[in-house]
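So the sequences go chain by chain: A, B, C and D. FYI, my numbering numbers position 112 of the first sequence as 1428, with every residue one higher than the one before it. FYI, my numbering numbers position 145 of the second sequence as 1461, with every residue one higher than the one before it. FYI, my numbering numbers position 210 of the third sequence as 233, with every residue one higher than the one before it. FYI, my numbering numbers position 81 of the fourth sequence as 104, with every residue one higher than the one before it. We put the CB at the ideal spot given by N, CA and C, even for glycine. Below is one structure, written out as structure tokens, with a few remarks after it.
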Amino acid sequence: MKLFEYQAKQILESEGAKVPRGIVVSEDEDVEKALTLAGLSPPLVVKAQVLVAGRGKAGGIKLANSIEEAKQIARNMLGSRIKGIVVRKVLVEEAIEHEKEYYVAITIDRAKRGAVVLASSMGGVDIEEVARKYPDKIIRRSIDFTKGLRGFEARAIGKQLGFKGKLLMNFTNLLIAMYKVMRKYDADLVESNPFTVKGDEIILLDARIIIDDNALVRHPELKKVPIRETGEFTEWEVKAREMGLTFVELDGDIGVIGNGAGLTMATMDLVSYYGGRPANFLDIGGGASSELVKKAVKFLLDFPKAKRIFINVFGGITRCDEVAKGIIAALEEARERKPIIVRLVGTNEEEGRSILEKNGIKAFADPVEAVKTVLSS
Amino acid sequence: MKLFEYQAKQILESEGAKVPRGIVVSEDEDVEKALTLAGLSPPLVVKAQVLVAGRGKAGGIKLANSIEEAKQIARNMLGSRIKGIVVRKVLVEEAIEHEKEYYVAITIDRAKRGAVVLASSMGGVDIEEVARKYPDKIIRRSIDFTKGLRGFEARAIGKQLGFKGKLLMNFTNLLIAMYKVMRKYDADLVESNPFTVKGDEIILLDARIIIDDNALVRHPELKKVPIRETGEFTEWEVKAREMGLTFVELDGDIGVIGNGAGLTMATMDLVSYYGGRPANFLDIGGGASSELVKKAVKFLLDFPKAKRIFINVFGGITRCDEVAKGIIAALEEARERKPIIVRLVGTNEEEGRSILEKNGIKAFADPVEAVKTVLSS
Amino acid sequence: MAILVDENTRVIVQGITGREGSFHTKLMLEYGTKIVAGVTPGKGGANVHGVPVYDTVEEALKSHPDANTSIIFVPARFATDAVYEAIDNGMKVVVVITEHIPVHEALEFVNYARSKNTWIVGPNCPGVISPGKTKVGIMPGHVFREGNIGIVSRSGTLTYEIAFTLTREGYGQSTAIGIGGDPITGMDFIDVLEMYRNDDETKAVVIIGEIGGDAEERAAKYILDTKYPKPVIAYIAGKTAPPGKRMGHAGAIISMGSGYYEDKVKAFTSVGVKVADTPFRVVEYIKELIKD
Amino acid sequence: MAILVDENTRVIVQGITGREGSFHTKLMLEYGTKIVAGVTPGKGGANVHGVPVYDTVEEALKSHPDANTSIIFVPARFATDAVYEAIDNGMKVVVVITEHIPVHEALEFVNYARSKNTWIVGPNCPGVISPGKTKVGIMPGHVFREGNIGIVSRSGTLTYEIAFTLTREGYGQSTAIGIGGDPITGMDFIDVLEMYRNDDETKAVVIIGEIGGDAEERAAKYILDTKYPKPVIAYIAGKTAPPGKRMGHAGAIISMGSGYYEDKVKAFTSVGVKVADTPFRVVEYIKELIKD
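The structure is reproduced here in structure tokens:
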């Protein structure tokens, strides 16, 4: 789960990081009053609290030279949509005049089974681009998870960024705070892009925290971001998640259902390999019940991008008869009919196939033959 | 630093442990009002919040059958002295009817370099006595510090105590909470003696937490217990600590000063070996300045138990001339004169000896000869 | 020989009384796996498909000291505890089927396990099978057959699919391991490749990767660095997956500039590992290689 | 031979620019210790008694790759960080002079050090000396002389006192180690006894214990279990110390029913280790033993 910028900043500040003075204003608050009372010194930055990439370019970050102007901007921003997401809150902060913008992040190090610090003096821009164009400009340092991030490691990174003296000490404290936050909140990512330097202080201009979804149960203190506001999911993905389906929307027109993430991806790839374009990824997982299968099939019948549906099941724990029953049940209840091609092998294959064929659906054993049929249907 | 019972209970409760319903009342509060408002159900227990052992036998724990009676007891207890310590706060709790009393503690495991859980179904009494008389009645389980205390380990201990089902689960949660507290607060000891069982619940009747003094700087959230209220130190020990001296009061009449804890203890032992009785332990540590030596000597000159003073210094980092200067300076300022015997060897021995002898104090090189002189003087 | 699990494997099933645990205990027993005990706290004394149940692994070991492998079906909330219990009781291999274990917990126990010389397979994995010897997992046994191909995979069903094509064409497997779909797993491709290298029975290795992370790139580097002595064929799922989206597995996401399909294919082909276009062509490459 | 430190020891002083660090750097240099570098963050480029100072251990190692031992004078608040820095940079021995390090921190780094095969001496210790070879500590060098007695001690000045009586009577020392006065130390008596056992130069061992904990009892058990092949003499300080009071050292406290003087004496004598009544009688026992 991504936290909003203001949440990330509050958490990091509580561990000792410095952020610009600011105030969060909600849709349902009196913007005028809140901003008058806050006593901020212009110039100010008004930042839409939406979790979409490229918020700045989409008009979600604006400068105000007076409190009045900030009020005006905030009022306009609240309730508007940035890349389709409604702005429920804005963060109004004192603008920090600065020259250099730096990048720093701590994330999971899959290879070393620990954490990794990434830092760069080329912050403020798309860091993935920096990483690809100027790999030398990114400092990477793996952190042993048993030991934790220690001061000397943070100092070494700070020195590489060119910091010295008190500033180096403050950078060290920042990194240690970021690591603490990572561990305390089960974060996948704690990032500031950019942060800047003012005198001896390190100031986080932006901040981002992503919490491991699997760990959310351990963090009742974190307010759940409503799924529609996360900016991570399309409308149909939101619907799917609300129904408990593992679904990703794609750009093609062949609806894809598979059992298991790997097989479902492979099925998408197979469609593409034979010249088609998958409309989605929908994984019914291992041991799916007919109920779940029915739900998934109905979902794709409703999903407008999917013009045809290809169901690819390799029954291991998943029973083919359950799958077949689910498909038939979905079709019975469906408002719309779409061509459905099923490839079904494995446990209870015969029963499954006979259920389908009784209902006029051919069940293929060979996936390639099945794909070709999908594409020619 | 020992925490008061009520602090220990609050901390453990905040991590999920169950304690009796209760209220803390201070000297300066309106006892009547506080107890009326608390809405506790009698019978109640009124417990003096003093950090002395054997508080119960000394009248610091009393039962009240009504709110009125509890008020009466609390009023009397507040401001009174238990084993010489003034009662500043009382804890008034609902009495928990119970049969069995258990013991559980987590402390540092020196041998295994980790933590160790101690538990017993013979709680409520002096556990050291139980440990010596019935060693089989104490369950011990070492906990790897890297891994932490895990549920399965807590369950194994709970099973040995005879707990099952929901009760076992609650005991497991208690132990995990205790371990969390230990780690979070740098505790040397987290203990409940006794706790009891009520239905499926585990209830802590008493609780004790000792924080590592060296870690107190990391815990500004903990209110420091004034040193006079800790119950750990005698009046003279308090004075010494306030002056920055490492001093322990003993029962004899020979004042002892040494440099280094081991040597100072050995000096006490030497006094005792040759038939004398040390009045104290006073360690000036390594590399003591003349200022510190002066402070230490003056302290023993004031300390009434010390009739004679034996100073045993083996100069390594400590310079004998600094020691000698300190002794002379102390004598010059002293109100009282006491026989002082000095044994002085090591770095700058000659200078030290000459300073002393110029002032009429003989400096011995042989500690045994020095001790014998102390005892015959 | 086979790797990790074989005819000497004696299994404890942790979480045996749950729906999944009980169901797969039955299937593993049917396959011939020697399950000596089950563990579910509070259910000691019960019996699941003839397997005695204990409250703790320690108690299970008292009656079954030959147990050396554990498979964990415990729900995510309690799974980490079960893993530590298995490690501390000396299990040499711990197969963690459970999905949705927080990644920080996995990091902790995976590091701990390595310090204790325990192999963790998973989490979020289908387990390990050494066909004809034993199955410690949830894969359908009938798609595998004893043979000389080693399989290591980040995916479950895709493994069955590919194993099945191999089996049908007469290429049995020495062992097939699903290392799990989470970002942090107890074993990676390199660990398993190293084991296959030392396993006489294994003549060739099939790597089934997917987008996300850089396990495939590291495997490629390892193959180059060690001049890997056995032929390796790869398949990578997710060519059509968009960046920034989790594709079912928590680990299957292109992010922070890494995890792209193209990078993985490039890494493998540059060290001489052929990457099959579709899962069904893996067997064709194997045929060519084995012919040589 | 000597143990832990010898003529091949190359020392980095962490916290070299502080009062203590600078003072003892001078004394160690005078003793002949090969100090190759000092480290104080922010003071890189300075020079202390001719020793070049670096900001980090890593930088120090770049110019002095032969460094293998570190001694730490850093104040308690930053000492733990310095210890990890030393361990991660491959120091084989790390001597922690610093007092007042929180015990939880010590527990963490001591366990970590062991996992990385680094020996921590201390914290809160006088260090190690192998007379005539090198001194990595704060002990007065002149009281020691090269010889065949190994000393291991929980106390500083008491060690010097006893070493001095030995030296005066002609019994030099192979090595003398102060393991530190805290409850948790990187090495205990057993670790050091094991090293002396394998050191040809060491003919007899003196253990200087004190009240608190059960390190002496465990040492006694170890001596029994291993049929320790060299004579051992002990002295234990604190016979007259009352229970429940910390005697200067954080570890010197009788509590939770353990740490009594009598238990320690009994443990040693029951395994044939003579316990001297006073520090000055240690040398008498040594005389008797060496005569044999």
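- Contact check between the region 41-54 of chain C and the region 1649-1656 of chain B: fewer than three CB pairs, one atom from each, fall below 8 Å, which does not count as touching.
- If you check the CB distance, Lys1325(B) and Leu1465(B) do not come in under 9 Å.
- Contact between the region 1528-1535 of chain A and the region 1496-1503 of chain A is established, with three or more Cβ pairs separated by less than 8 Å.
- Phe167(C) carries a coil assignment under DSSP once its states are collapsed to helix, strand and coil.
- Interface flag for Ser138(C) against chain B is set, since a Cβ pair is found closer than 9 Å.
- Using beta-carbon distances, Arg1466(A) counts as an interface residue toward chain D, with a partner under 9 Å.
- Contacts with chain C (Cβ-Cβ distance below 8 Å) from the region 1390-1402 of chain B involve no residue at all.
- In the DSSP assignment, Thr1512(B) falls within the unbroken beta strand (DSSP E) covering Ala1503 to Lys1514.
- For the set Gly1642(A), Val1690(A) and Ile1633(A), the Cα lying nearest the Cα of Ile1656(A) is the one of Val1690(A).
- For the C-beta of Gly41(D), not a single chain A residue is nearer than 8 Å; the gap to the nearest is close to 16 Å.
- For the pair Gly201(C) and Val144(C), the CB atoms are nearer than the 9 Å cut-off.
- Between Ile213(D) and Leu130(D) the beta-carbon gap is near 18 Å, outside 8 Å, which marks them as no contact.
- Beta-carbon to beta-carbon, Leu1660(A) and Ala1645(A) are separated by about 16 Å, too far to satisfy the 8 Å threshold.
- A straight line joining the alpha-carbon of Met1438(B) with that of Cys1636(A) spans about 60 Å.
- At a cut-off of 9 Å between beta carbons, Val76(D) makes no contact with chain A.
- For Glu108(C), the closest Cβ of chain A is not nearer than 9 Å.
- For Leu84(C), the closest C-alpha among the options Ala105(C), Val62(C) and Met270(C) is that of Val62(C).
- The beta carbons of Asp1567(B) and Lys1621(B) sit closer together than 9 Å.
- The beta-carbon distance between Thr1512(B) and Lys1378(B), rounded to whole angstroms, is 19 Å. This is too long to meet the 8 Å contact definition.
- For Pro1683(A), the uninterrupted alpha helix (DSSP H) run begins and ends at Pro1683 to Ser1692, by DSSP.
- For Ile207(D), the chain B residues whose Cβ falls inside 8 Å of its Cβ are Ile1424, Arg1426 and Arg1429, in order along the chain.
- Nearest to Glu53(D) by C-alpha distance, out of Gly73(D), Arg42(D) and Gly38(D), is Gly73(D).
- In terms of beta-carbon proximity, Gly67(D) stays away from the interface with chain B, with every pair separated by 9 Å or more.
- Residue pairing of Trp142(D) in beta bridges, as defined by DSSP: Val116(D).
- Residue state for Arg1669(B) is assigned as helix, using DSSP reduced to three classes.
- Under a criterion of Cβ atoms nearer than 9 Å, the residues of chain B adjacent to Glu131(D) are, in order, Phe1461 and Thr1462.
- Note that the region 111-125 of chain D does not touch the region 279-297 of chain C; fewer than 3 beta-carbon pairs, one per stretch, sit closer than 8 Å.
- Against chain D, the CB of Arg1499(B) has a partner CB under 9 Å away; the residue lies at that interface.
- The Cβ atoms of Val306(D) and Thr180(D) lie no closer than 9 Å to each other.
- When beta bridges are read from the DSSP output, Phe1320(B) appears opposite no residue.
- Cβ-Cβ distances below 6 Å link His87(C) to Val59 and Ala60 in the same chain, with the five nearest sequence neighbours on each side left out; the list follows chain order.
- Its chain contains Val62, Ser93, Ile95, Val97 and Ala105 as the residues whose beta carbon lies nearer than 6 Å to that of Gln37(C), once the 5 sequence neighbours on both sides are disregarded; these appear in chain order.
- Judged by their CB atoms, Glu1638(B) and Ser1606(B) are nearer to each other than the 9 Å cut-off.
- Between Thr79(C) and chain B, the shortest Cβ-Cβ separation is below 9 Å.
- Within the region 1544-1564 of chain B, Thr1562 and Val1564 place their CB atoms closer than 7 Å to a CB of chain D, listed in sequence order.
- Using a CB distance cut-off of 9 Å, Thr1689(B) does not count as an interface residue toward chain D.
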